[in-house]
Every structure is written in structure tokens, then in C-alpha cells.
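Chemist: One structure coming up, written as C-alpha cells, with questions to follow.
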Amino acid sequence: MAVVVDEQIEGIYQQVRAKNPGEEEFHQAVKEVLESLGPVLAKYPEFAHQKIIERICEPERQIIFRVPWQDDKGHFRINRGFRVEFNSAIGPYKGGLRFHPSVYLGIIKFLGFEQLFKNALTGLPIGGGKGGADFDPKGKSDNEIMRFCQSFMTELYRHLGEYTDVPAGDTGVGGRELGYLCGQYKRITNRYESGVLTGKGTGWGGSLVLTEATGYGAVYFVREMLKVRNDSLEGKTCVVSGSGNVAIYTIEKLQQLGAIVVACSDSNGVIVHDRGIDLALVKRLKEVERRRIADYATTHEDARYIAGGNIWDVPCHVAMPSATQNELTGRDARTLVANGCFAVAEGANMPTTPEGVKVFLDAKIAYGPGKAANAGGVATSALEMQQNASRDSWTFEFTEKKLDEIMTRIHATTYQTAEEFGAPGNYVLGANVASFIRVAQAMVALGFI
Ligand code: GLU
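If you read the sequence shown in the numbering used here, its first letter stands for residue -19, the second for the next number, and so on.
Shown next, in the form of C-alpha cells:
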């Protein structure tokens, strides 16, 4: 039986590869989920009969569009925009927009695929989608960003709606970009439809805690993983890759819980500061002045900047990859484990390569995969949607408590599912299986969608 199921799943994976040539990141994300599904098909044969896996791997809708805009010198520029509406079985498509030069269909599809399972894990009524453009916001003026966002939304708006598809931010799309996107949506539609985008400014329909949510949530997830091991974050040495929104608020919550964060990074290099990262400085450099992390070392003489360095070489107890996909390789995972790292939680989406994941699972360290550990961002987006729907705005304390409860519940669900399916401590299996079952059951219930 198990062999037949394995062959069936391998067949599906080969079909996905053949139908989506060249989309390596998408193949990787699909493979990782499919590898967990053998015991699910054995328990729920109707999923195989109804070809639920094949259906889930095919997005409901994929939109690719031209984004023409003009730079400050008057030159015409053309980018490519995407929105992949992956699955709406449990709610409107929900997922961020990424503006980065590496964006192509394979990246958006991997992110959308991850998103639909992550969103299912939150237990909230949100489907999965993702979008973005191969636009590089680095070095662009505010006016250029605004013109780009307006052009992007001039096409995208027709696909959106608070009951249809609700984007948010991701890499390269933060408060500034969401403001311009939201403004353009409003101009075109003449509707103040707050629930159509999340991550809005708190003065115009946004939720408190959303900025902090992905980072805070990832730390709550680590706290829970350590709790079942009778341990805590107090006094632990931590390393957080990146220095964007996720990294900043991961560092903040780690510090609040008594951990010492000794390193962070950007795509140019690594900062190591043994007495603990000065978060106020990182915030100023990154959030206000939009500068590189190298400038940190000019303020703190006892900090080291390693140009082109590898952050995973810095010894730590807890590692939190919070930068980008495939940033942590098999070699890096071996280094971390050899240096005594016993917990890893992913603030970024798919930051660990398949070889790295295997190293963590074999070493039996506490390893929280992105779709569980970084679900706090999108969960808080769903809380923003709740507030918008009821024309309400909640306090920071109330919203943070809800986020904490959701992360604690995601941990419990993934932990218990792993036990139930014979893989105790394996949060990868727990997350994939629990979320797949939720989406699959909804698809069966809804009929032929
Ligand atoms: N981009 C975030 C993520 O990867 C948030 C998505 C959202 O809030 O819709 O989950």
C-alpha cells in the first residue's frame, strides 16, 4: 500500500515538473509538501480518488501583466507583474506582493503554494495567493515608487476585492508601497474598500501589530517549541538573518523574551555584535534612512562587519532565517548543528534548502518550517480584515494577545499532527499534513472546484 501511494505521489510530482518547466522554486515547494502526504492518502483515500493533490498543485488562476511606468529622467520602463490566485477553498485569496528583481512566475507560484498551506494553518478563513513584480525598489525615488505602484494597481485592481483577493506586503512592499497601491485602488473604483488590502497604515484602516506580526509570531513559535522541551529563550544566543521587517521584529521579540541576538545581515554582509544587536540603530538605518547594514559598524566600534560573510557561521543556540528563499544550505545547517544550535524557526518563506531541512530533521533539533513559524504575519492580516469588516480598531495589547494565541495554536496543531502521523517532533510533516487536510476537506465539501 505504502509503495503504491509513494509511486502515485512521485507520478504527481513528475507531472507538476513537466507542466511547469523551469520553475525550480515551485518544484521545490511542491516536493516538500508531497513528501509528507503518503500517510494522508492512506487515511483519506477520497483525496486520491478526487485528485485533490493534482488540483491543489494547479493554481485556480494565474495573471501576468505589463507594468509600464516612467522614471524621474522621463525614460519609459517596463516591468512584469504577477498575481497567482492559488486556492480559495477556505476563503478569499490572501497573500503578499513581492517587488524584487528575482521575481518570475516560479517564485510567485512557490510563494502562493506555501501561502495556501500557511493560511490554512492559521485556522482563519483565508485562501492562498501571491503576487508581485520583477521591479527593484532599491535606489528608486519616492515618486518613482509611486508611479510604479499606480501603474501596477491600474491593472491589478480588476482582480481584487475584499471577498475575492486581498493582497498585502512582502519583500520590497511595505507601508509606503501599500499606501500608493491602496490610493490607486480607491481612485479607480471610487470605493473605500478597506478590506481589499492589508498592511495599511494604522491611521487609515490598518491594524496595530501587523508590522511586528511575522517576527513576533516566529519568536512565539520558537518559545512554544522550546516549552515542550522544557526550555525557554531566556539567555539564549540567537542569530537572525536579514534586517528587513521580519528580522527587525524577530530581534525585538527575542530581546523582550531575554535572548541575546548577536548577528543580523543584509545581502551585502553580516554584522556580529557579541554584546547584543542595537535594535534602535538597525531600525533607524533600515526603516528611516533606508541604508545598508554595513553602516552599523561605524556607530559601534565593538561590532564586526563581515562583507560577503555567512551569518550561519556565527555560533548560536537559536537560528532564525528571516531573509529569503534558499539562504540556508545543507552545509550551513551542518555548521549550525555542529556549533550547538538546537532550534531553528523560519521567518522567511522556504529559506532552508531541502538538504538543510534534512540535516535539521536528522539531528532532531527543534525545526519550525516557515509555513508554521511565519504564519503570524498573514494571521494578523486576517485580524485586520476582521477589524475592517466590523469598522473597528483594536488595541495593541488585544491584537498581540490574539496573535500569540494563534501562534500557540499553530504550534499545538503541528506538534500533535506530527505525533498522530507517526513522526513526533517533525514540524515539517505536522504543518504539511494538518494544512493539507484542512484545504482538502474544504475542496471535497465544495464539490468540483
Ligand atoms: N507576505 C506575508 C507572508 O508571506 C504576509 C501575507 C499577507 O499578509 O497576506 O505570509
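For glycine and all other residues, C-beta sits at the position ideal for the given N, C-alpha and C.
Tell me where the beta strand (DSSP E) around Cys218 begins and ends.
Modeler: Thr217 to Val220 is the span of the beta strand (DSSP E), which, as asked, contains Cys218.
Chemist: Starting from the C-beta of Thr375, find all residues in its chain whose C-beta is less than 8 Å away, skip the five residues before and the five after it, and write them out in chain order.
Modeler: Taken in chain order, the residues that qualify are Leu188.
Chemist: Verify whether the separation of the beta carbon atoms of Ala193 and Gly350 is less than 7 Å.
Modeler: No, they are not a contact pair.
Chemist: Can you list the beta strand (DSSP E) stretches of 3 or more residues lying completely in the segment 231 to 274, in chain order?
Modeler: Complete beta strand (DSSP E) runs here, min 3: 240 to 246 and 249 to 252.
Chemist: At what residues does the alpha helix (DSSP H) containing Pro25 begin and finish?
Modeler: Pro25 to His29 is the extent of the alpha helix (DSSP H) around Pro25.
Chemist: Are there 16 or more other CB atoms within 10 angstroms of the CB of Arg63, so buried, or fewer, so exposed?
Modeler: By the neighbour-count rule (16 or more Cβ atoms within 10 Å), Arg63 is buried.
Chemist: When you compare only the Cα positions, how much space is there between Gln367 and Tyr143?
Modeler: Approximately 15 Å, taken between the alpha carbons.
Chemist: With DSSP as the reference, identify every bridge partner of Ala346, one or two as the case may be.
Modeler: Its beta-bridge partners are Ala323.
Chemist: Of the residues Asp372, Ala287, Ala323 and Ile168, which one's Cα is nearest the Cα of Leu213?
Modeler: Selected option, being the one with the closest Cα: Ala323.
Chemist: Looking at C-beta atoms only, is the number of pairs between the segment 0 to 8 and the segment 28 to 36 that lie closer than 8 Å three or more?
Modeler: Output reads no: the segment 28 to 36 does not touch the segment 0 to 8.
Chemist: From the DSSP output, read off the bridge partner residues of Asn59.
Modeler: Per DSSP, Val47.
Chemist: Alpha carbon to alpha carbon, what distance is there between Val226 and Gly195?
Modeler: Cα-Cα distance, rounded: 5 Å.
Chemist: Tell me whether Lys180, by its Cβ, gets closer than 6 Å to a heavy atom of the ligand GLU.
Modeler: No, the Cβ of Lys180 stays beyond 6 Å of every heavy atom of the ligand GLU.
Chemist: Residue range of the alpha helix (DSSP H) that Met330 falls in?
Modeler: Counting along the chain, Met330 falls outside any alpha helix (DSSP H), and DSSP gives it neither H nor E.
Chemist: Do you know how far the Cα of Gly76 is from the Cα of Phe97?
Modeler: Using only the alpha carbons, I get a separation of about 14 Å.
Chemist: Going by beta-carbon coordinates alone, are Ser443 and Gly222 separated by less than 7 Å?
Modeler: Past the boundaries of the shown model lies residue 443; the chain is included only from -19 to 429, so the question cannot be answered.
Chemist: Going by C-alpha to C-alpha distance, which of Ala411, Val419 and His253 sits closest to Met387?
Modeler: Measuring from the Cα of Met387, the nearest candidate turns out to be Ala411.
Chemist: Nearest to Lys344 by alpha carbon, out of Asn329, Gly320 and Ala359?
Modeler: Among Asn329, Gly320 and Ala359, the Cα nearest to that of Lys344 belongs to Gly320.
Chemist: Can you tell me whether Glu377 is buried or exposed? The criterion is at least 16 other CB atoms within 10 Å of its CB, across all chains shown.
Modeler: So Glu377 ends up on the exposed side.
Chemist: Taking 6 Å as the cut-off, is the beta-carbon of Lys89 closer than that to any non-hydrogen atom of the ligand GLU?
Modeler: No, since every heavy atom of the ligand GLU falls outside the 6 Å radius drawn around the Cβ of Lys89.
Chemist: Is the segment 121 to 138 close to the segment 36 to 47, with three or more CB pairs under 8 Å?
Modeler: Result yes; three or more Cβ-Cβ pairs closer than 8 Å.
Chemist: Let me check you understand the geometry: is the CB of Asp51 closer than 6 Å to at least one non-hydrogen atom of the ligand GLU?
Modeler: No, the beta carbon of Asp51 sits no closer than 6 Å to any heavy atom of the ligand GLU.
Chemist: Am I right that Val(-4) and Leu21 are in contact with their C-beta atoms under 8 Å? What's the rounded C-beta distance?
Modeler: 16 Å between Cβ atoms; not a contact.
Chemist: Ala113 and Asn67: beta carbons closer than 7 Å?
Modeler: Cβ atoms of Ala113 and Asn67: not closer than 7 Å.
Chemist: Just list the residues that DSSP pairs Lys120 with in beta bridges.
Modeler: Lys120 pairs with nothing; no bridge assigned.
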